[in-house]
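Protein chains: 2
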Amino acid sequence: MPLPPLLLAIGNHQEEVVETLLQVGRFLIIFLAARTLAELMVRLELPTILGELVAGVIIGVSGFHLILPPEAHAQLNHGLLALVGSLADVTPEVVQDIYQETFPNLKAVSQLGLYALLFLTGLESELDELVAVGVQATTVAVTGVVLPFALGTAGLVFLFDVPLFPAIFAGAAMTATSIGITASVFGELKFLKTREGQTVIGAAVLDDILGIVILAVVVALAGGGSFSLGPILKLVMAALVFVAAALFLSRTAAPAFDWVLDQLRAPGEVVVAGFVVLTLCCFAAQAIGLEAALGAFAAGLILSASRHTEAIQETVKPLVALFATVFFVLIGTAMDLSVLNPFDPDNRQGLVLAAFLLVVAIAGKVAAGWSYWSKEKTNRLVVGLGMMPRGEVGLIFLGLGSQAGILTPALEAAILLMVIGTTFLAPILLRLVLSRQGALVDQPS
Amino acid sequence: MPLPPLLLAIGNHQEEVVETLLQVGRFLIIFLAARTLAELMVRLELPTILGELVAGVIIGVSGFHLILPPEAHAQLNHGLLALVGSLADVTPEVVQDIYQETFPNLKAVSQLGLYALLFLTGLESELDELVAVGVQATTVAVTGVVLPFALGTAGLVFLFDVPLFPAIFAGAAMTATSIGITASVFGELKFLKTREGQTVIGAAVLDDILGIVILAVVVALAGGGSFSLGPILKLVMAALVFVAAALFLSRTAAPAFDWVLDQLRAPGEVVVAGFVVLTLCCFAAQAIGLEAALGAFAAGLILSASRHTEAIQETVKPLVALFATVFFVLIGTAMDLSVLNPFDPDNRQGLVLAAFLLVVAIAGKVAAGWSYWSKEKTNRLVVGLGMMPRGEVGLIFLGLGSQAGILTPALEAAILLMVIGTTFLAPILLRLVLSRQGALVDQPS
Numbered sequence: 325m326p327l328p329p330l331l332l333a334i335g336n337h338q339e340e341v342v343e344t345l346l347q348v349g350r351f352l353i354i355f356l357a358a359r360t361l362a363e364l365m366v367r368l369e370l371p372t373i374l375g376e377l378v379a380g381v382i383i384g385v386s387g388f389h390l391i392l393p394p395e396a397h398a399q400l401n402h403g404l405l406a407l408v409g410s411l412a413d414v415t416p417e418v419v420q421d422i423y424q425e426t427f428p429n430l431k432a433v434s435q436l437g438l439y440a441l442l443f444l445t446g447l448e449s450e451l452d453e454l455v456a457v458g459v460q461a462t463t464v465a466v467t468g469v470v471l472p473f474a475l476g477t478a479g480l481v482f483l484f485d486v487p488l489f490p491a492i493f494a495g496a497a498m499t500a501t502s503i504g505i506t507a508s509v510f511g512e513l514k515f516l517k518t519r520e521g522q523t524v525i526g527a528a529v530l531d532d533i534l535g536i537v538i539l540a541v542v543v544a545l546a547g548g549g550s551f552s553l554g555p556i557l558k559l560v561m562a563a564l565v566f567v568a569a570a571l572f573l574s575r576t577a578a579p580a581f582d583w584v585l586d587q588l589r590a591p592g593e594v595v596v597a598g599f600v601v602l603t604l605c606c607f608a609a610q611a612i613g614l615e616a617a618l619g620a621f622a623a624g625l626i627l628s629a630s631r632h633t634e635a636i637q638e639t640v641k642p643l644v645a646l647f648a649t650v651f652f653v654l655i656g657t658a659m660d661l662s663v664l665n666p667f668d669p670d671n672r673q674g675l676v677l678a679a680f681l682l683v684v685a686i687a688g689k690v691a692a693g694w695s696y697w698s699k700e701k702t703n704r705l706v707v708g709l710g711m712m713p714r715g716e717v718g719l720i721f722l723g724l725g726s727q728a729g730i731l732t733p734a735l736e737a738a739i740l741l742m743v744i745g746t747t748f749l750a751p752i753l754l755r756l757v758l759s760r761q762g763a764l765v766d767q768p769s
Numbered sequence: 325m326p327l328p329p330l331l332l333a334i335g336n337h338q339e340e341v342v343e344t345l346l347q348v349g350r351f352l353i354i355f356l357a358a359r360t361l362a363e364l365m366v367r368l369e370l371p372t373i374l375g376e377l378v379a380g381v382i383i384g385v386s387g388f389h390l391i392l393p394p395e396a397h398a399q400l401n402h403g404l405l406a407l408v409g410s411l412a413d414v415t416p417e418v419v420q421d422i423y424q425e426t427f428p429n430l431k432a433v434s435q436l437g438l439y440a441l442l443f444l445t446g447l448e449s450e451l452d453e454l455v456a457v458g459v460q461a462t463t464v465a466v467t468g469v470v471l472p473f474a475l476g477t478a479g480l481v482f483l484f485d486v487p488l489f490p491a492i493f494a495g496a497a498m499t500a501t502s503i504g505i506t507a508s509v510f511g512e513l514k515f516l517k518t519r520e521g522q523t524v525i526g527a528a529v530l531d532d533i534l535g536i537v538i539l540a541v542v543v544a545l546a547g548g549g550s551f552s553l554g555p556i557l558k559l560v561m562a563a564l565v566f567v568a569a570a571l572f573l574s575r576t577a578a579p580a581f582d583w584v585l586d587q588l589r590a591p592g593e594v595v596v597a598g599f600v601v602l603t604l605c606c607f608a609a610q611a612i613g614l615e616a617a618l619g620a621f622a623a624g625l626i627l628s629a630s631r632h633t634e635a636i637q638e639t640v641k642p643l644v645a646l647f648a649t650v651f652f653v654l655i656g657t658a659m660d661l662s663v664l665n666p667f668d669p670d671n672r673q674g675l676v677l678a679a680f681l682l683v684v685a686i687a688g689k690v691a692a693g694w695s696y697w698s699k700e701k702t703n704r705l706v707v708g709l710g711m712m713p714r715g716e717v718g719l720i721f722l723g724l725g726s727q728a729g730i731l732t733p734a735l736e737a738a739i740l741l742m743v744i745g746t747t748f749l750a751p752i753l754l755r756l757v758l759s760r761q762g763a764l765v766d767q768p769s
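Right, dumping it as structure tokens:
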């Protein structure tokens, strides 16, 4: 029970009032902004995720400073601080402190949203189809990693005289694929179960695993001298074991799950049992050095063969609608678009570098769509575009690089622009290509 | 993307690994424990919430120390710390620190669960029925506040020689009703829509409002001398305005909501629109000095007249199943049952006081069931028992008192036991009374 402003006398209960107001108020701002923009996107026949990203930009560090990750080191919206301060009878400075302190709560909820989204993506995947396209997906993933990395690094070094190590780092940032964004767009356009959809999802999962290995290598290089192959081989082993275990369990574990579910009698059994498998797989993936999000996808894949898979999907959808939205909006809030302004002379070098990186980033992933051999006719452009958005994964690479002080401001801005460009262009281009194809109904609902 | 253990070189990413492991691991522990106990309770024909509370006790401060609020100042389970530490390659001390730091995330999620539960309770309420029983509910609420407060305070002062101020505080703690527990039990037993159910829910809401006013008075008294009537009158006014606005909007706002919902075309519109109303009402309630949870109930009541109310209920249920469970388990984790041990001489005075408080706490609320006049035949015992659980509200009173250093250890233990006793007895007794009545189907599902 958060307490009313009167109760300052004992303890710090005013703080709880501010906490609750901020907690609830942040959700309100996020949902109002995201929903407004999502509705606009639907009317423009664009994927709603684009609206969520744009909503984030509008309320975030590039816009009204209403939702601001502490890492942004920017000043929060004065109106918001003053409003909450006056409601709770504290100074705006106190509100600002509590805002920063409680921001991790919002991030934790958004993380839940990402897990829920990947869980749903796994549930909606066709295991047999995923295995059938395994070779193609692997080819796409590897090509989509090698091409942008090689072209990006070489271009930066030879065309722009960037020193080798920052160039390698930028190249590594270009290998990422945001499986969340891809899954969201394909899911909304009802394209997940197609051959192309499964190829992209499979490739994005593998790309995520490759990304972790690449990061480990780059960071080991950054450590200087002390490069040792052991931990990296261990990570590669862990990844292989993980994929094998996920495939094995998705063939065998569903009947056991169904049996357990049939024994359960307390209400809410479907959602809780699903959530237990989800958290178990997230824990396992993280424990062996991979990402929890990969575990979430594996959990969905494992339960996709369950008799209850549709019931689980129904219970997961509200979680996705609420919390994955928070996740995508937060990505948008962290994007600082001021580096885009060409009238600021400081930005020009970054813009030139960015144009180069963006072209390589798009070309490299699109080319990956043509990299595999297949008897079946598939839409290779869709596959390439599906691999394109760097999204939150690109931002994490960027964050690591700037934290380590490896990148010049111009290169940092260029990577950010490459991430923004691919993230925003991918849903737009995918939608264009898919509707031209007539593969879509007029209004997704 | 939380990063693998390798990446310690740059920044503090090991910390993120530990965070993710703890975050996901805590959910896993909570759901495994809660579900196991809930299944047991269903087979014993007891409400599942009792299982959730007991699960909390088992994994919390009285049990395995796996889920431990930082306020408990107890040592976390060594096995858990060692396991996570070895997985993430850090010391158990680091894990402990991150555990404490990230615990608010879990609390924030549990708070969402409470809001979702009260939202659902509001959605399932019958406004007309609630208004029809308004006078009875008010009588029950007032009697259920006055009797335990007066008897408790007087008894402590005259029978046990407790000084006036601590006695008043203990008396105030006895006025609480945990609307969450009551709503959960009635909801599960499909008793919410009955006359008794609506009387209790209405009375519990009013009791919550009265509780805030009482707390304000007690705290003002604690401030000593500086007692001023102004802020308390303001709070009473705010409460009246809030109830009036909620009733007015629930008669008028649903058509507007339905119209807006009909215009929305992006997917997930029902759950998002419902959530926007929910957060708006939570914010409004907290902003005028009441509780956000009251706003959540009002939001449900407002939307209970919507054409989409059943669709909203369906989307809210998974949130309740997951996060309200976390809320109730956390209540259990905070209960320190060691004060129950009669072999420890330090506990004896507390146990005697506790026995007295428990009798008054039960008698006072049960008597409230007989306090109103009604032409209709109602089960007054059910009404009284429904008002009985003190739950989290009682714990908050207790927390305030011990924070302020007002209470002796014996009195503190006695209040805790009174809270535990009423919280655990209410679901058991309600279930017994309701099934004897034959008002229930054999297995709730």
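Quick note, the sequences are listed as chains A and B, same order.
Count along the first sequence from 1, then add 324; that gives the number in the numbering used here.
Count along the second sequence from 1, then add 324; that gives the number in the numbering used here.
Built from N, CA and C at the ideal position, the CB exists for glycine as well.
Cβ neighbours of residue i in the same chain (closer than 6 Å, five flanking residues each side left out)
i, result
"G598/A", "I636"
"L754/B", "V509, L709"
"F473/A", "G495, T499"
"G613/B", "L559, A562"
Limits of the alpha helix (DSSP H) - the one that residue i falls within
i, result
"G458/A", "458-484"
"L740/A", "733-760"
"M711/A", "Neither: M711/A is in no alpha helix (DSSP H) and is coded neither H nor E."
"L400/A", "No alpha helix (DSSP H) contains L400/A, which DSSP labels as neither H nor E."
"L565/A", "In the sequence as displayed, the identity of residue 565/A is Val instead of Leu. Residues 554-587."
"S434/B", "416-448"
Spatial neighbours of residue i in its chain, beta-carbon cut-off 7 Å, leaving aside the 5 residues before and after
i, result
"L377/B", "F652, I655, G656, T747, F748"
"A692/A", "V464, T467, G468, L471, G708, M711"
"R350/A", "I391, L430"
"S769/B", "Because the pLDDT at S769/B is just 37, under 50, the model does not fix this residue reliably, and the point stays unresolved."
Interface flag, residue i vs chain B, CB-CB below 8 Å
i, result
"Q347/A", "yes"
"T415/A", "no"
"L764/A", "Here L764/A scores only 45 on pLDDT, less than 50, and its place in the model is too uncertain to base an answer on."
"N401/A", "no"
"T639/A", "yes"
"L654/A", "no"
"G592/A", "yes"
Sequence-distant residues of its chain with Cβ nearer than 8 Å to residue i (five each side left out)
i, result
"P394/A", "Q424, F427"
"S666/B", "Here residue 666/B is Pro; the residue named in the question, Ser, does not match the sequence. Excluding sequence neighbours, P666/B sits near R672, L675."
"L589/B", "One point to set straight first is that residue 589/B is Arg, not Leu, in the sequence displayed. There are no such residues."
Any C-beta of chain A under 8 Å from that of residue i
i, result
"Q610/B", "yes"
"P642/B", "yes"
"T657/B", "no"
"T372/B", "yes"
"L368/B", "no"
"R714/B", "no"
"P487/B", "no"
"N429/B", "yes"
"T603/B", "yes"
"E363/B", "yes"
"A496/B", "no"
"T344/B", "yes"
"L404/B", "no"
"T426/B", "yes"
Whole-angstrom C-beta distance between residue j and residue i, which should lie under 8 Å
i, j, result
"A580/A", "C605/A", "Incorrect: roughly 14 Å between the Cβ atoms, too far for contact."
Distance cut-off 7 Å: residue i Cβ against heavy atoms of the ligand GTP
i, result
"A357/B", "Because no ligand of any kind appears in the structure shown, any question about the ligand GTP cannot be addressed here."
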